[in-house]
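**Q** Here the protein sequences come in this chain order: A and B.
For the first sequence, position 105 matches number 563 in the numbering used here, and the numbering has no gaps at all.
For the second sequence, position 126 matches number 317 in the numbering used here, and the numbering has no gaps at all.
Don't be surprised by glycine CBs; every beta carbon is placed ideally from N, CA and C.
If you're wondering where the values come from, they're calculated on a predicted model, not measured in any experiment.
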Amino acid sequence: MFDLKDVSFQSDGKHPKTLLDDITVSFPTGAFSAIVGHNGSGKSTLLKLLARKNKPASGDIALDHTPLSDHGTRDFARKVAYLPQNPVVPPHLSVRELVAFGRYPWRGAFGRYRAEDHAQIDRAMDMTHVTEFKDRLVASLSGGERQRVWLSMLLAQDAPVLLLDEPTSALDVGHQRDILQLVADLKDKIGLTVIAVLHDIDMVGRFADHILALRGGRTCWQGDATHFMDGATLRDIFQTEIDVIAVPGSTRSVSYVK
Amino acid sequence: MSTQASLSTPRTTANIPLILVAVLGVCGVGVLLVDFWPFLSNGMAAQVMFSPDETDFQQLLFHYSTLPRLSMAFLCGAGLALAGAAIQTVLRNPLASPTTLGVGAGVEFALTVFILIAPASLALFQEAFALAGGMIALGAVYLIAAKRGNATLWLILAGMIVNLLLQSGTQIFLLFNEQYLQSVFMWGAGDLAQNGWDAALFVLPRVVIGMIAVLALSRPLDLLALGDDTANSLGAKVTVLRLLILGFAVFITASVISAAGMIGFVGLAVPAALRIAGLTRSRDLMIYSVLTGGLALLVIDFIVRQFNGLGGDVLPTGAATALFGAPFIILILRKARIMPGAQSNDHPNDQHIISKTGLSLLLMAVLIVGVVFSLFTSLDGTGFAVLGWTTPWQDSSLDVLTGRAERTFAAMICGAALAVSGTLIQRVGRNPLASPEITGVSSATALAIIIALAIFGVGQRADLMVIGAAGGVVSLIVLLALCRKFTHAPHYMLLNGLALTAILGAIVRIVLTRSGTQTSMLMSWLAGTTYFTNMDEVMIVAAVTAVLLITAIALRRPLELASLGTDQAVSLGLGISVFQFAMMLLAAILAAAATLLVGPLSFVGLMAPHLARVAGYRLAGGHLLGAVLIGVNVMMVAEWLARNLLYPQQLPTGLIAALIGTSYFLILAVRNR
């Protein structure tokens with residue numbers, strides 16, 4: 459889906475810092491890819507490059523074999539849905555009104571919403587279990603509920619690619635699991651490609667199909683979840699004393715800090 | 192090696208203030224040399240200073256005009272800079288100053304009222320009155336901001352609102368005493384011209400006493416920088432200390448303003464610049480502020496005097512300092528990290544989403560009844576007079592009715608235009624407190640029109656409208672260029688707009704003092720009278736407003752999308768920067784059209800969208816319509832009040848609207864939370 463070749467990124471300002479360097483990676487279609495790494499390793503920066511919020515200093519990024527910059531604004535919005543880390547919560551919109559904005563890429567400023575748009579909106583709310591509060595204000599919801607509403611908007615957008623920047627950062631462990639399970643289910647059900655920045659090692663090990671690890675702005679490891687949940691790999695990525703332990707009666711492992 | 196490098200860095204920054212003072216000192220000495228030169232060259236410098244030859248005009252002029260002016264400039268500059276430094280330190284706010292926090296406007300209002308109204312026997316209390324005016328204004332600002340944890344933005348906003356409220360009050364008093372207009376304007380613009388030693392001798396002891404008091408209190412002031420709790424636990428009586436220092440700062444300000452009028456921005460720019468240059472301890476800051484402020488005003492006044500020598504006209508120094516100083520706000524904004532204050536993250540209670548049809552119909556009904564009432568009813572000094580009922584219907588009654596209809600309609604159209612403009616700016620800027628008045632668009636429009644009218648003599652109102660709109664658009668573009676990141680930080684737009692408004696206000700004051708006979712007419716226009724309007728213009732503005740309102744409503748979907756922020760809006764396929772620019776352009780055109788009819792002061796563009804939002808008009812389309820309904824109603828009421836409140840005197844509608852608007856915000860600010 460996304461193919462990156464020798465991509466680098468520099469910060470603005472008089473003394474630009476190279477935040478990403480020499481990134482060459484392909485994100486597989488129809489898979490849940492996780493970007494992991496220590497704080498400041500460039501995870502969010504990389505995701506913003508994919509979402510066109512940042513422009514690369516050098517290198518090529520292609521979406522469906524077309525350079526990223528060749529897509530028009532609305533055209534791109536129909537292909538890629540992006541959820542920033544701290545989305546602005548509009549104080550005055552109800553849940554359904556917010557989710558309905560997912561149809562904007564398809565209908566624009568003046569196009570009438572047809573029956574199929576309303577069906578799409580209702581289906582998105584259904585899949586994320588937010589239908590019960592569709593007439594409440596988004597701002598009055600709890601963190602976990604809000605996150606589901608944002609996801610719902612992204613689904614209504616009907617884009618084949620979801621980019622999620624730490625979608626679970628403000629949530630407790632139960633809600634983290636709920637959200638990621640939901641995303642994983644949706645991926646299986648409608649064949650979405652999901653690329654998410656994630657913090658929690660065990661959640662990555664549980665839900666991700668493909669993992670890209672960054673360290674100091676460079677790729678340091680790529681692979682699948684089974685190989686990721688390995689003491690030596692994790693120690694190398696996070697530069698900290700960490701190890702894994704096998705879960706009895708399962709092929710999975712969980713991490714612990716020494 | 193490395194330790195040396197790390198030591199030398201702070202030393203070089205610490206030297207910048209010293210260099211600044213030295214440079215200004217050299218300039219000051221240069222100023223003195225130039226002024227003294229005729230007498231130095233013939234060795235009469237000492238004579239002219241202390242006992243001038245009464246027969247030599249040059250010596251008299253120098254002794255009784257130039258010399259006191261030099262002293263006044265230094266004293267006023269030093270006093271204001273010190274007052275600014277003290278206020279900034281006490282409130283821990285780099286943008287606080289006597290002028291931005293309403294102290295100046297309070298003193299000005301108190302003095303204007305006192306001079307015009309109080310009997311001569313009370314003249315002794317004039318100073319106490321001025322001091323009280325300044326303290327009350329500062330107190331009001333402080334109370335509003337204290338409720339919000341003294342967030343920089345709120346302090347400045349509260350100061351601005353109090354400023355505008357007091358200025359409207361001052362103007363209303365002035366309008367009824369036109370004979371004093373020119374002189375009060377000169378004074379209001381900060382005039383340092385002297386014809387004797389009286390003013391200097393008035394200011395000298397007061398500023399010195401104030402300075403000694405503030406400097407004596409400067410050590411505990413450092414404690415305040417640690418925060419109230421820490422300062423308390425270290426044994427400082429925070430509240431008493433704060434009140435004492437603020438009191439002396441206001442005292443200095445009041446004395447300077449009484450003697451020399453409003454001299455803006457010295458009190459803001461000097462201490463702020465020194466702080467940026469690396470002075471952190473309050474005692475150092477204050478001592479440097481005294482020197483820098485005094486010398487800076489001395490030099491600025493010298494430059495201003497050179498211009499006056501050429502033109503023959505008097506350019507007031509105070510207005511000129513605003514021109515020099517206002518860019519400093521922009522500089523400070525770039526240097527100082529100003530937090531937008533705690534963005535109100537408190538969850539809005541889960542209010543019910545209810546249809547606003549009922550409210551809209553009610554507003555419509557009020558509007559219709561109000562228009563009929565406004566057209567047929569007036570106050571004639573004894574009570575209500577109803578046209579065609581208590582007063583018999585005559586042939587002239589139709590003319591009366593037409594005249595009233597013109598003015599009422601003009602006011603209402605302006606209400607609508609400003610409401611749409613304000614709604615667009617608030618929504619696109621994602622800032623519920625932005626408005627054409629606050630972002631400087633209205634001031635720029637007024638400025639362009641005034642310059643065209645007073646300097647180039649353009650008389651055609653259609654031309655003026657185009658020129659005004661161009662002025663508004665240019666100021667908006669400047670504003671957008673100054674804060675390109677404005678969508679990320681709406682408060683920057685607000686503060687930059689404040690700086691722009693201040694610059695424009697200064698220029699307006701300068702032009703007004705120069706324009707002679709037109710001053711009165713210009714001023715009542717600035718105050719927003721509907722008296723000079725005619726139906727053709729009203730129709731043009733109405734058409735423009737209607738077309739742009741329909742355009743805005745048609746664009747309600749992207750307008751709503753803009754409230755999700757830049758990132759999300761682009762993610763959903765909206766080319767946000769082009770859209771924002773287009774919307775701001777619409778807002779500027781509307782503001783310019785309204786400004787032409789009722790002047791730049793009215794606060795409808797701030798109040799109507801805000802009220803509509805509070806009333807529950809949530810979505811963009813409804814918000815626009817609700818704001819229009821409210822704006823039209825407010826302006827209609829303001830126009831009726833302006834026409835009848837002091838019959839047969841006519842008050843400017845814009846001023847009444849401003850009084851209503853600013854009062855609304857004061858109540859809102861005090862009551863909220």
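Determine, for HIS529 (chain A), whether the minimum Cβ-Cβ distance to residues of chain B falls below 8 angstroms.
**A** Closer than 8 angstroms: no.
**Q** Would MET730 (chain B) be called buried (16 or more neighbouring beta carbons within 10 Å of its own) or exposed?
**A** Classification of MET730 (chain B): exposed, given that the 10 Å Cβ count is below 16.
**Q** Short check: CB of LEU797 (chain B) to CB of GLY852 (chain B), under 8 angstroms?
**A** Against a cut-off of 8 angstroms, the Cβ pair of GLY852 (chain B) and LEU797 (chain B) comes out as a contact.
**Q** Residue ranges of each beta strand (DSSP E) run of no fewer than 3 residues wholly in the stretch 606-691 of chain A, ordered along the chain?
**A** Taking only runs of at least 3 residues, the beta strand (DSSP E) segments lying wholly in the stretch 606-691 of chain A are 619-623, 651-655, 668-673, 676-681.
**Q** Give the range of the beta strand (DSSP E) segment to which LEU478 (chain A) is assigned.
**A** Taken as a continuous stretch (DSSP letters only), the beta strand (DSSP E) holding LEU478 (chain A) covers 476-485.
**Q** Taking 8 angstroms as the threshold (beta carbon to beta carbon), is PRO800 (chain B) in contact with chain A?
**A** Not closer than 8 angstroms to any Cβ of chain A, the Cβ of PRO800 (chain B) fails to qualify, so no.
**Q** Residues of chain A with a CB under 8 angstroms from the CB of GLY766 (chain B): which are they?
**A** Going along chain A in sequence order, the residues near GLY766 (chain B) (Cβ under 8 angstroms) are THR531.
**Q** Mind pulling the chain B residues with CB within less than 7 angstroms of PRO545 (chain A)?
**A** Ordered by position in chain B, the residues that pass the 7 angstroms Cβ test against PRO545 (chain A) are GLN759.
**Q** Can you round the beta-carbon distance between ALA645 (chain B) and ALA784 (chain B) to whole angstroms, since I take them to be within the 8 angstroms contact cut?
**A** Their Cβ separation, rounded to whole angstroms, is 21 angstroms, which puts ALA645 (chain B) and ALA784 (chain B) out of contact at 8 angstroms.
**Q** Report the three-state DSSP secondary structure of THR471 (chain B) (helix, strand or coil).
**A** Coil, per DSSP.
**Q** Opposite THR568 (chain B) in the DSSP bridges: which residues?
**A** THR568 (chain B) pairs with B:VAL577.
**Q** If you measure from the beta carbon of GLN639 (chain A) to each beta carbon in chain B, is any gap under 8 angstroms?
**A** Cβ-Cβ to chain B under 8 angstroms: no for GLN639 (chain A).
**Q** Measuring only between beta-carbons, confirm whether GLY663 (chain B) sits less than 8 angstroms from chain A.
**A** No - not a single Cβ of chain A is within 8 angstroms of the one on GLY663 (chain B).
**Q** Does the separation of the CB atoms of ALA558 (chain A) and ILE579 (chain A) fall below 8 angstroms?
**A** Cβ distance < 8 angstroms, so ALA558 (chain A) and ILE579 (chain A) count as in contact.
**Q** Helix, strand or coil: how does DSSP classify GLY360 (chain B) here?
**A** GLY360 (chain B) falls in the helix class under three-state DSSP.
**Q** Got a sec? Which residues, its chain only, sit under 6 angstroms from LEU820 (chain B) by beta carbon, not counting five neighbours each side?
**A** Cβ neighbours of LEU820 (chain B) beyond the five flanking positions: LEU554.
**Q** Per the contact definition of three or more C-beta pairs closer than 8 angstroms, is the stretch 500-507 of chain A in contact with the stretch 664-676 of chain A?
**A** A contact exists between the stretch 664-676 of chain A and the stretch 500-507 of chain A.
**Q** Taking contact to mean 3 or more Cβ pairs, one atom from each stretch, closer than 8 angstroms, check whether the stretch 753-762 of chain B and the stretch 598-617 of chain B are in contact.
**A** Result no; under three Cβ-Cβ pairs closer than 8 angstroms.
**Q** If you draw a straight line from the alpha carbon of HIS633 (chain A) to that of THR626 (chain A), how long is it in whole angstroms?
**A** Whole-angstrom Cα-Cα distance: 8 angstroms.
**Q** Going by the beta-carbon positions, is the gap between PHE467 (chain A) and ILE519 (chain A) smaller than 8 angstroms?
**A** Going by C-beta atoms, PHE467 (chain A) is not nearer than 8 angstroms to ILE519 (chain A).
**Q** Which residue from B:PRO289, B:GLU318, B:THR290 puts its Cα closest to that of THR303 (chain B)?
**A** With distances taken between Cα atoms, THR303 (chain B) lies closest to B:GLU318.
**Q** I'd like the list of long-range same chain contacts for VAL298 (chain B), defined as Cβ closer than 6 angstroms, with 5 residues on each side in sequence excluded.
**A** Only ALA321, GLY324, GLY325, ALA445, ILE448 meet the Cβ criterion.
**Q** Cβ atoms of ALA349 (chain B) and SER327 (chain B): under 8 angstroms apart, would you say?
**A** According to the sequence provided, residue 327 (chain B) is Ile. The question's Ser does not apply to it. In this structure, ALA349 (chain B) does not lie closer than 8 angstroms to ILE327 (chain B) by Cβ.
**Q** For ALA463 (chain B) and PRO285 (chain B), which I take to be in contact (beta-carbon distance under 8 angstroms), what is that distance rounded to the nearest angstrom?
**A** ALA463 (chain B) to PRO285 (chain B), Cβ: 5 angstroms. Contact.
**Q** What separation, rounded to the nearest whole angstrom, lies between the Cα atoms of HIS254 (chain B) and ALA450 (chain B)?
**A** In a straight line, the C-alpha of HIS254 (chain B) is about 19 angstroms away from that of ALA450 (chain B).
**Q** If you follow the beta strand (DSSP E) that ALA492 (chain A) is in, where does it begin and where does it stop?
**A** 490-495 is the span of the beta strand (DSSP E), which, as asked, contains ALA492 (chain A).
**Q** In whole angstroms, what separates the C-alpha of GLU728 (chain B) from that of HIS523 (chain A)?
**A** Taking the straight line joining both Cα atoms gives about 58 angstroms.
**Q** What is the rounded straight-line gap between the Cα of LEU252 (chain B) and the Cα of PHE493 (chain B)?
**A** Distance between the alpha carbons of LEU252 (chain B) and PHE493 (chain B): 16 angstroms.
**Q** Quick one: using the 10 Å Cβ neighbour count with 16 as the cut-off for buried, is LEU552 (chain B) buried or exposed?
**A** With fewer than 16 Cβ atoms within 10 Å of its Cβ, LEU552 (chain B) is classed as exposed.
**Q** Please report whether the beta-carbon of GLY620 (chain B) lies at a distance below 8 angstroms from any beta-carbon of chain A.
**A** No, no contact with chain A.
**Q** Unbroken alpha helix (DSSP H) runs of length 4 or more, entirely within the stretch 282-343 of chain B: which are they?
**A** If we require 4 residues or more, the alpha helix (DSSP H) runs fully inside the stretch 282-343 of chain B come out as 294-308, 317-337.
**Q** Which bits of chain D does PRO749 (chain B) rub up against, with CB to CB less than 9 angstroms?
**A** Among the chains of the structure shown, chain D does not appear; the protein chains present are A and B.
**Q** Okay, do the stretch 612-627 of chain B and the stretch 810-819 of chain B touch, 3+ Cβ pairs below 8 angstroms being the bar?
**A** Contact between the stretch 612-627 of chain B and the stretch 810-819 of chain B is present, because at least three Cβ pairs lie under 8 angstroms.
**Q** Give me, in chain order, the residues of the same chain whose beta-carbon lies closer than 8 angstroms to that of ALA799 (chain B); leave out the 5 immediate sequence neighbours on both sides.
**A** Here the set comprises GLY606, LEU609, ALA610, GLY613, THR614, ALA818, VAL819, ILE821, GLY822, VAL825.
**Q** Does the stretch 825-843 of chain B come close enough to the stretch 762-782 of chain B that 3 or more CB-CB pairs lie under 8 angstroms?
**A** Contact between the stretch 762-782 of chain B and the stretch 825-843 of chain B is absent, because fewer than three Cβ pairs lie under 8 angstroms.
**Q** Name the one or two DSSP bridge partners that VAL715 (chain A) has.
**A** The partner list for VAL715 (chain A) (beta bridge, DSSP) reads A:ILE700.
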